[in-house]
Amino acid sequence: MKLTPRNSEKFARTVIWSAAFGVIGLLFFIMAYILIKGTPSLNWQFLTQSPSDMGRSGGIFSTVIGTLMVTAVAIVVATPLGVGTAFYLTEYTREGPVTRIIRFSAESLAGIPSIVYGLFGFIFFVMYLGLGWSVLSGGLTLAVMILPTIIRTSEEAILTVPRMYREVSFSLGGTRWQTISGVIFRAALPGIATGVILGIGRSIAETAAVILTAGSSLRMPTSLFSPARTMAVHFYILAREGISMERAYGTAALMIILILLINVGANVLVNKFVARGR
Amino acid sequence: MTKFREKIAQRGFMLVALSALSALALITIFIVAEGVPIIGKVGVLKFVFGMKWAPTQGYFGIFPMIVGSISVTLGAVILGVPIALCCAIFLAEYAPALMRNVLRPAIQMLAGIPSVVYGFWGLVFVVPAIRNYLGGPGLSILAGSIILAIMILPTVISISEVSLLALPPLYKEGALALGATQWQTIRRVLVPAAKSGIVAAIILGVGRAVGETMAVIMVLGNAVAMPSSILDPARTLTTNIGIEMGYASGEHQQALFATGIVLLIIIMILNSVAQFAFRRR
Chain A
1 MKLTPRNSEK FARTVIWSAA FGVIGLLFFI MAYILIKGTP SLNWQFLTQS PSDMGRSGGI
61 FSTVIGTLMV TAVAIVVATP LGVGTAFYLT EYTREGPVTR IIRFSAESLA GIPSIVYGLF
121 GFIFFVMYLG LGWSVLSGGL TLAVMILPTI IRTSEEAILT VPRMYREVSF SLGGTRWQTI
181 SGVIFRAALP GIATGVILGI GRSIAETAAV ILTAGSSLRM PTSLFSPART MAVHFYILAR
241 EGISMERAYG TAALMIILIL LINVGANVLV NKFVARGR
Chain B
279 MTKFREKIAQ RGFMLVALSA LSALALITIF IVAEGVPIIG KVGVLKFVFG MKWAPTQGYF
339 GIFPMIVGSI SVTLGAVILG VPIALCCAIF LAEYAPALMR NVLRPAIQML AGIPSVVYGF
399 WGLVFVVPAI RNYLGGPGLS ILAGSIILAI MILPTVISIS EVSLLALPPL YKEGALALGA
459 TQWQTIRRVL VPAAKSGIVA AIILGVGRAV GETMAVIMVL GNAVAMPSSI LDPARTLTTN
519 IGIEMGYASG EHQQALFATG IVLLIIIMIL NSVAQFAFRR R
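Taken in order, these protein sequences are the chains called A and B. The first sequence begins at 1 in the numbering used here and counts up one residue at a time. The second sequence begins at 279 in the numbering used here and counts up one residue at a time.
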């Protein structure tokens, strides 16, 4: 067969279409693999009983609570900082050295590996500030980690708010703060929420940074200062040490389902936002 | 009163905006301060190019792990980048709307799956397959490369797609009007024009691969020896920290922070190059 333009077009199409189908197939394969092996162990008892005997028996209740608490701390801390930074970058300054430095910092933070966040959280929050392995140390470490995501998505959301909104607000005598809090924030809220939801997803999924800062205690966390084990850490320990494959699959399936729901939620919000913006 | 509130708001936003910068500074300062003493004691060259890692006996050489990191990353790029570029081209040029609406969320989902889950899937699926069909222990550089290749797909695909879509439509229209086929247009016009964005995408993918820890720990075998083939187990800079932080203390712990410094330097270089390439678009 000669390599005529027509043939190479056909060949390229075949390769490119198969790559796309391959990626979709791979995703479904990985998810189906975990879900099929994991969903049978997902039942009410598994979710509401705390693990016993190092996780060999019992459920995963304390790790669900651990995950919720660590994630809540991360979101509560990172959201105001991230959204505030986005407003500062878009509404208070012109592009210049200051915005360049802030953007550079955020982009650099986004590239730092999670294990390095773990090292930092350990030496800074756990040791230097004396917070110990705790929900607070883990949550604060995650907050720094998801900060760039929230900054970027909020900034994009704010930039899609039409200029007219600002002009109308200013012409009605609104001050900058009134314009931001009353007009722009509301208009950009779905986009900002998307960033926060993605931050929740990353917090649930993270292992390396959390294991070094929140610890891996199986006891039920009772305050911000008690150590906690998240679902991801629990799954890692169960699977790596071969403690209980059945429970490992169950925990993984629960995480996959949560991440799936989070992704669907984020997409619904984005679509709503885009539909309204045009 | 309003004026006062305005001032407070402005100051507040400025303070908050410094959070990213201060976080970056704190991370750098604390990790460097913790790791530098041991590098000073061992010597930079002996630390980076030392062949033996036996921290309890006072040997702190991380060269085998640098080789480990480089080889899994290279493997991931060789396996992952061609597929990622095909997907990006598909999304930007070939995909009908329906396929685009399936593939985009699928890629987003791929990015959301926890890295431990990838590692676990590798352990129960990829590792046994390599052991049975190619020999060796299965836990190997190849297994790590395969898992990382999948994990860098979302990064490389989305950034390449953005750079392809950002091209002026005139480029494509011009090429097609001259009678070029769609593939000729893509290969000779669009991809070369989007080159710096695609390069940035690949570099950011490399950064993800170098930085990934938990997935790699589960499939790489974690041997400290220098690997001699892609079927050998190995250890990367990240997994060295991930495995030993749990029990290290004293100089051993400092040496892990020093490993973190090396990692941080590699990532900073990669990110700066990527940001530079992306700006030049």
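Note that CB positions come from ideal geometry on N, CA and C, so glycine has one too. Computed from a predicted structure; not experimentally measured.
Check                                                                                                                             : Outcome
Closer than 8 Å to chain B by CB, Arg278 (chain A)                                                                                : At Arg278 (chain A) the pLDDT is 45, less than 50, meaning the model places this residue with poor confidence; the figure from the coordinates comes in the next sentence. No, because no Cβ of chain B sits closer than 8 Å to the Cβ of Arg278 (chain A).
Closer than 8 Å to chain B by CB, Thr160 (chain A)                                                                                : no
Own chain residues within Cβ distance below 8 Å of Leu548 (chain B), not counting five before or after                            : Ile481, Leu482, Val484, Gly485, Val488
Presumed contact (8 Å Cβ cut-off) between Gly390 (chain B) and Ala205 (chain A), rounded CB distance                              : 7 Å
Rounded straight-line distance, which links the Cα of Val135 (chain A) to that of Phe29 (chain A)                                 : 34 Å
C-alpha gap between Met292 (chain B) and Arg163 (chain A), whole angstroms                                                        : 22 Å
Beta carbon proximity, Asn549 (chain B) to chain A, threshold 8 Å                                                                 : yes
Cutoff 8 Å: Ser418 (chain B) Cβ touching any chain A Cβ                                                                           : no
Three-state secondary structure (DSSP) of Ala512 (chain B)                                                                        : strand
Start-to-end residues for the alpha helix (DSSP H) that takes in Ser438 (chain B)                                                 : 419-443
Neighbour flag for Val404 (chain B) against chain A, beta carbons, 8 Å                                                            : no
Residues of its chain near Gly475 (chain B), where Cβ-Cβ distance is below 8 Å and the 5 sequence neighbours each way are ignored : Ile437, Ser438, Val440, Ser441, Leu442, Ala444, Ala555, Phe556, Arg559
Any chain A beta carbon closer than 8 Å to Ile545 (chain B)                                                                       : yes
Member of A:Thr79, A:Leu238, A:Glu156, A:Gly111 whose CA lies at the smallest distance from the CA of Leu218 (chain A)            : A:Leu238
Span of the alpha helix (DSSP H) around Asn43 (chain A)                                                                           : Here Asn43 (chain A) belongs to no alpha helix (DSSP H), and DSSP marks it neither H nor E.
Residues of the segment 449-461 of chain B with Cβ closer than 7 Å to any Cβ of chain A, in chain order                           : Thr459, Gln460, Trp461
Cβ shell of Leu131 (chain A) (< 6 Å), same chain only, five flanking positions each side left out                                 : Phe125, Ser137
Sequence-distant residues of its chain with Cβ nearer than 7 Å to Thr79 (chain A) (five each side left out)                       : Ile150, Val196
Reduced DSSP category for Pro190 (chain A) - H, G, I as helix; E, B as strand; rest coil                                          : helix
Sufficient close CB pairs (3 or more, under 8 Å) joining the segment 167-182 of chain A to the segment 98-106 of chain A          : no
Which residues DSSP lists as bridging Phe338 (chain B), in chain order                                                            : B:Trp331
Where Phe273 (chain A) falls, given that 16 or more other Cβ within 10 Å makes a residue buried                                   : buried
Neighbour flag for Leu27 (chain A) against chain B, beta carbons, 8 Å                                                             : yes
Whether Cys365 (chain B) touches Leu381 (chain B) by CB criterion (8 Å)                                                           : yes
Sequence-distant residues of its chain with Cβ nearer than 7 Å to Ile262 (chain A) (five each side left out)                      : Ile197, Ile200, Gly201
Member of A:Ile243, A:Gly242, A:Ala208 whose CA lies at the smallest distance from the CA of Val233 (chain A)                     : A:Ala208
Selected residue, minimal CA-CA separation from Val394 (chain B), among B:Gly422, B:Tyr372, B:Gly416                              : B:Gly422
Distance CB(Leu541 (chain B))-CB(Pro227 (chain A)) smaller than 8 Å                                                               : no
Three-state secondary structure (DSSP) of Arg278 (chain A)                                                                        : No answer about Arg278 (chain A) holds up, because its pLDDT of 45 lies below 50 and its placement is not dependable.
C-alpha gap between Leu68 (chain A) and Gly59 (chain A), whole angstroms                                                          : 16 Å
Euclidean distance between Cα positions of Val355 (chain B) and Ala526 (chain B)                                                  : 32 Å
Beta-bridge partners of Ser57 (chain A), as assigned by DSSP                                                                      : A:Ser52
Environment of Ile184 (chain A) [buried if 16+ CB atoms lie within 10 Å]                                                          : buried
Local conformation of Gly499 (chain B) per DSSP, three classes                                                                    : strand
Nonlocal neighbours in the same chain, by C-beta distance under 7 Å from Ile309 (chain B), ignoring five residues either side     : Phe535, Gly538, Ile539, Leu542
Within-8 Å CB hit, Val477 (chain B) to chain A                                                                                    : no
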